[in-house]
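Asker: Questions regarding the structure given below will be posed in turn.
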Amino acid sequence: MVPFRIVVAAMLLALLAQHAGAQVAPKPAVTLVEKPWGKLSYKKLMQYGEKALGPDPDAWRHAETEHFVFHYHELENAQKVGQMAEAYYQQIKSDLGVTQDRFIRKNHVFIFDDEAAWKQFGTAINLDGWASGLASRTELFLFSPKAGRVSVGSLGHEIAHCIFYRFVPKPVPLWLNEGFAEYESSHAYAQIQGVEDRRFPGGGPGARFPLPELLRATKYPKERVGEFYWASERLVRFLLTKLDRRKFLPLVQMIADGTRSEDALVFIYNDRFKSLAALEAEFAKFNEPSAKPKWPF
Ligand SMILES: [Zn+2]
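Heads up, the sequence shown is in our numbering, so the first residue is 16 and it goes up one at a time.
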């Protein structure tokens, strides 16, 4: 389970506000096919999904797309989520260089629009009170209050977790899981919407977060959650945009198979770095503040 941190929600909302004028529909258009529960092509749920569905599946409306099954009450909401989810799926698959999906099964996405029902579900699974969404393996749960308004910000981060798990169905360290979701919540969004990816510029709050500490973190560091997310996103961005992108998936798979992050990094990128210290030095340069534009522009 990966709780959705409030600090991330704030950052995503800021990002969305930044692009509020660029609400271009994702391409290609995705059509949701509404079906009764009994006719869905994939009905198997995990523990949280069972709790979300409740005893009466007909209390929800259901629909599916190529890779997702949606449960919701407002069709307009579900259509927006469906379009975004499939667009993120294609973008993330492309970014990872995945040629063959590991799963035939579909991801389940529950969209709550009633606050009382969301809180009741949160209590049932011990979700932190401030969360507005969470991903748990291939299942996604979103709270989207008010008719017709979907929490797209939560979707981007959480759907990235779900899709990542689909391609790498094993636990990975916190930095990699959160860093990838953060990176894609901006990168995939920018690609889909045709806007600039302006996430987390250099010189941010986690610029001095020690790399060994970042790689070994098994809990969100108290008082430094924002720094941790920043540094995690920057490391994934560094690996995907400054080093050989084709090596990223082998790195992830090696780590998912049990190799320590620091050992896997040095092994996979040994043509560039002979030690973790050498990689850390390059990463530190990447994290320096961007040069300020000179006046006049
Ligand atoms: Zn997360």
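Note that the Cβ used here is the ideal one computed from N, Cα and C, for glycine as well. Model, not experiment: these values are computed from the prediction.
(1) Check whether the Cβ of Ala196 sits closer than 6 Å to any heavy atom of ligand 2, and report yes or no.
(2) By Cβ distance, which residues of its chain are closer than 7 Å to Arg287, with the 5 residues on each side in sequence left out?
(3) Reducing DSSP to helix, strand and coil, say where Ser247 ends up.
(4) Can we say the region 258-269 touches the region 197-210, given the rule of at least three CB pairs closer than 8 Å?
(5) Taking Phe253 and Phe224 to be in contact with their CB atoms under 8 Å, please state how far apart those CB atoms are, rounded to whole angstroms.
(6) Name the one or two DSSP bridge partners that Ala78 has.
(7) Where do the ends of the beta strand (DSSP E) carrying Phe298 lie?
(8) Over the uninterrupted alpha helix (DSSP H) stretch that includes Phe263, give me the two end residues.
(9) Tell me which residues share the same chain as Ala37 and place their Cβ nearer than 7 Å to its Cβ, disregarding the 5 neighbours each side in the sequence.
(10) Return yes when at least one heavy atom of ligand 1 lies under 6 Å from the C-beta of Glu248, else no.
(11) For ligand 1, is there a heavy atom less than 6 Å away from the beta-carbon of Glu89?
(12) Taking just the CA atoms, how far does Ala222 sit from Ser109?
(13) Which residues does DSSP list as the beta-bridge partners of Ile119?
Answerer: Taking the geometry as given:
(1) This structure lacks ligand 2; the ligands present are ligand 1.
(2) Sequence index remark: in the sequence shown, residue 287 carries index 272 (1-based). Taken in chain order, the residues that qualify are Leu258.
(3) Reading the sequence shown from its first residue, position 232 is the one you call residue 247. Three-state result, Ser247: helix.
(4) Touching, no, given that fewer than three Cβ pairs across the two stretches are closer than 8 Å.
(5) Residue 253 sits at position 238 when you count from the first residue of the sequence shown. Residue 224 sits at position 209 when you count from the first residue of the sequence shown. About 13 Å; that fails the 8 Å criterion.
(6) Residue numbering aside, residue 78 sits at position 63 when the sequence shown is read from its first letter. Ala78 is bridged to Glu49 and Phe85.
(7) Locating residue 298 in the sequence shown gives position 283, counting from the first residue. In this chain, Phe298 is not harboured by any beta strand (DSSP E); it is covered by the alpha helix (DSSP H) spanning Leu291 to Phe301.
(8) As a first step, residue 263 is located in the sequence shown; it is residue number 248 there, counting from the start. Where Phe263 is concerned, the enclosing alpha helix (DSSP H) stretches over Phe263 to Ala271.
(9) As a first step, residue 37 must be located in the sequence shown, where it is residue number 22. Because Ala37 carries a pLDDT of 36, less than 50, the predicted location of this residue cannot be relied on, and no value is offered for it.
(10) Stepping through the sequence shown from its first residue, residue 248 is reached at position 233. Outside the cutoff, so no.
(11) The residue labelled residue 89 in the question sits at position 74 within the sequence shown. No, ligand 1 has no heavy atom inside 6 Å of this Cβ.
(12) The residue you call residue 109 lines up with position 94 of the sequence shown. The residue you call residue 222 lines up with position 207 of the sequence shown. In this structure, the alpha-carbon of Ser109 lies about 28 Å from that of Ala222.
(13) If you number the sequence shown from 1, residue 119 lands on position 104. Paired residues: none, contrary to the question.
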